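In the numbering used here, the protein residues as written are 645 to 783.
Working notes for the structure below.
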Amino acid sequence: STSKNEKNSILYFKREWTFWLIIYDKQQEQYQIEEICSANTVSNFYSFYKELPRISELKNTDCKKISIALFAGYIRPAWEDENNQNGGAYCFLVDNDTKHATQGDAQIVDEIWLDLMLMAVGGDLNKIIQDGDSNDNEV
């Protein structure tokens with residue numbers, strides 16, 4: 645059972661956040677989108693994050709692009725979701741050519757991904773985007 649002090653120390657997000665697995669089949673030009681897990685507290689978020697593969701470990705195979713997304717609530721990472729009709733996307737391409745990539749490169753990619761997620765769940769990313777966006781879109 646959870647004590648009263650433990651309940652008071654739980655840090656809840658203003659909204660729930662959902663991790664998604666996205667697999668794009670280039671040959672069939674189809675997306676497969678699967679919900680991985682949702683977090684409404686900081687401790688849930690970190691528990692789930694620690695279990696996910698690092699972004700630098702995701703490898704495209706057999707004409708399939710694999711990615712992980714983090715979206716507010718249960719908004720699906722698909723343009724067909726009405727919540728995304730006026731949305732946008734930020735994509736970061738990283739050269740994962742093993743001839744040129746170093747362990748330090750992978751660590752930097754993973755740190756940037758974690759920083760972006762923390763800014764999103766903490767509301768800071770929203771503030772940064774809105775400072776340069778007159779549409780007042782929310783992340």
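Idealized CB from N, CA, C, for every residue including glycine.
Every value quoted in this text rests on a predicted model; they were computed, and no experiment measured them.
Per DSSP, reduced to three states, the secondary structure at glutamate 695 is helical. Setting aside the 5 residues that flank it on each side, tyrosine 718 is surrounded in the same chain by Thr662, each with a C-beta closer than 7 Å to its C-beta; the list follows chain order. Annotation: glutamate 673 to isoleucine 710 spans about 13 Å, alpha carbon to alpha carbon. Here the alpha carbon of asparagine 684 sits roughly 14 Å from the alpha carbon of methionine 761. Segment contact: the segment 686-706 against the segment 755-769, three or more CB-CB distances shorter than 8 Å; contact assigned.
Three or more Cβ pairs drawn from the segment 653-671 and the segment 714-730 lie within less than 8 Å of each other, which places the two stretches in contact.
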